[in-house]
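S.K.: Under the working numbering, the very last position in the sequence shown is 277; numbers go up by exactly one each time.
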Amino acid sequence: MIGLFSEAIQILGPRDADLGDFLRDLAGILLFLGFYATFDRGLKYFWESMSSGAYKIILRIVTLLIFLSLISPPVIWSLAYLERNDKFPVICDFESYWDRMFIRTQQAEMEIMQVPDTMDGMGDDMAARITFKPGEYPGLEIIEPYPDWRGYGYFQFEVFSELDSLVNLALVIKDTHHNNEYYDRFNRRLVIKPGLNKIKIPLDEVKNAPRNRQTDMKNIASVLIFMYNISREYVLYLDDLELEQ
33 MIGLFSEAIQ ILGPRDADLG DFLRDLAGIL LFLGFYATFD RGLKYFWESM SSGAYKIILR
93 IVTLLIFLSL ISPPVIWSLA YLERNDKFPV ICDFESYWDR MFIRTQQAEM EIMQVPDTMD
153 GMGDDMAARI TFKPGEYPGL EIIEPYPDWR GYGYFQFEVF SELDSLVNLA LVIKDTHHNN
213 EYYDRFNRRL VIKPGLNKIK IPLDEVKNAP RNRQTDMKNI ASVLIFMYNI SREYVLYLDD
273 LELEQ
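(1) Taking only the alpha-carbon atoms, compute the straight-line gap between Ser197 and Glu143 and give it to the nearest angstrom.
(2) Since Tyr129 is in the alpha helix (DSSP H), which residue starts that stretch and which ends it?
(3) From what residue to what residue does the beta strand (DSSP E) around Asp272 run?
(4) Can you tell me whether Ile108 is buried or exposed? The criterion is at least 16 other CB atoms within 10 Å of its CB, across all chains shown.
(5) State the beta-bridge partners of Ser254 as determined by DSSP.
(6) Once you ignore the five residues that flank Tyr169 on each side, which residues in its own chain have a CB closer than 6 Å to its CB?
(7) Can you name the residues that DSSP bridges to Pro234?
(8) With burial defined as no fewer than 16 other Cβ atoms inside 10 Å of the residue's Cβ, what is the status of Arg47: buried or exposed?
(9) With a threshold of 8 Å on Cβ separation, who are the neighbours of Phe134 within its own chain once the five nearest residues in sequence on each side are excluded?
(10) Write down the C-beta distance between Met151 and Phe192 rounded to the nearest angstrom, noting that I regard them as a contact closer than 8 Å.
(11) Determine the burial state of Pro234: buried for a count of at least 16 other Cβ atoms within 10 Å of its Cβ, exposed for fewer.
(12) Determine the direct distance from the alpha carbon of Ser254 to that of Thr163, and round the result to whole angstroms.
(13) Mind checking whether Phe187 and Leu273 have CB atoms under 9 Å apart?
(14) Answer yes or no: do Leu270 and Ala159 have a C-beta to C-beta separation smaller than 9 Å?
(15) Report the residue from Asp248, Val147, Val122 whose alpha carbon sits nearest the alpha carbon of Lys206.
(16) So Gln277 and Tyr184 are supposed to be a Cβ contact under 8 Å. How far apart are they, rounded?
(17) What span of residues does the beta strand (DSSP E) with Ile162 cover, start to end?
(18) Buried or exposed, going by whether 16 or more other CB atoms sit within 10 Å of the CB of Val204?
(19) According to DSSP, simplified to helix, strand and coil, what is Leu228?
(20) Is Leu256 closer than 9 Å to Val199 when the C-beta atoms are compared?
(21) Could you tell me the distance, in whole angstroms, from the CA atom of Trp130 to the CA atom of Arg161?
(22) In chain order, what residues of the same chain have a beta carbon less than 7 Å from the beta carbon of Ile252, not counting five sequence neighbours either side?
This is the structure we're talking about:
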């Protein structure tokens, strides 16, 4: 109740209120009241007046569903972080559902697919088919990768192109201290040729990329791969983003 009141006060006041927190607080209150009502002795005669015990059972089921809806997102994210930590130094290989929870697309579509036999040399069983839509910066971002990249020498990944000509990709790596300025992060233009491209970036270059400081290699925040200022659609295949000694 206190949490619900606090969120309501923020709505009326100058502070920002979180509608999600408000709804979670409200659901928590309804969960407690609904479940408690089925055991409250003061409501004994109310339940006995019902023609059967079905209403009590229904109410308990509803409160159970509310409870599961409240705990499922934290549980799912906890499992995702465990999987992320366990597979490091692999950052993303598109082999599991959990990988996709850390991927955001912008002006692009991502499809996880079986690597066809025609892509000779492409990594494991699955890869990401990225469709870059016309736009300013279409691409994808891997958010919250395993943050501590110290002790490794290279960041590498594979790109396969079925196009007939060269295309440009941009690679950006940011740490948690990034101030949103271009020169405060690692930037690299990649020329992608037809066929298989194995990209290998020395992490010393990532570390020394910001103009006025060094990248905090203990706290890497995100990896972005995108095209820029394209007027037509392009398709590339991405796989096996990982660190190497």
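Even glycine gets a Cβ: it sits at the ideal position worked out from N, Cα and C.
M.R.: Let me spell this out:
(1) 23 Å
(2) 129-132
(3) 266-276
(4) exposed
(5) Ser254 pairs with Ile175, Lys206.
(6) Phe258, Tyr260
(7) Tyr186
(8) For Arg47, the predicted model reports a pLDDT of 44, less than 50, meaning its position is unreliable and no value from the coordinates is stated.
(9) Closer than 8 Å at the Cβ level, and outside the excluded window around Phe134, lie Ala112, Arg116, Cys124, Ile174, Ile175, Glu176, Pro177.
(10) 5 Å
(11) Classification for Pro234: exposed.
(12) 20 Å
(13) yes
(14) In this structure, Ala159 lies closer than 9 Å to Leu270 by Cβ.
(15) Asp248
(16) A Cβ-Cβ separation of about 6 Å places Gln277 in contact with Tyr184 under the 8 Å criterion.
(17) 158-164
(18) Label assigned to Val204: buried.
(19) strand
(20) no
(21) 17 Å
(22) Pro177, Pro179, Trp181, Ile205, Asp207
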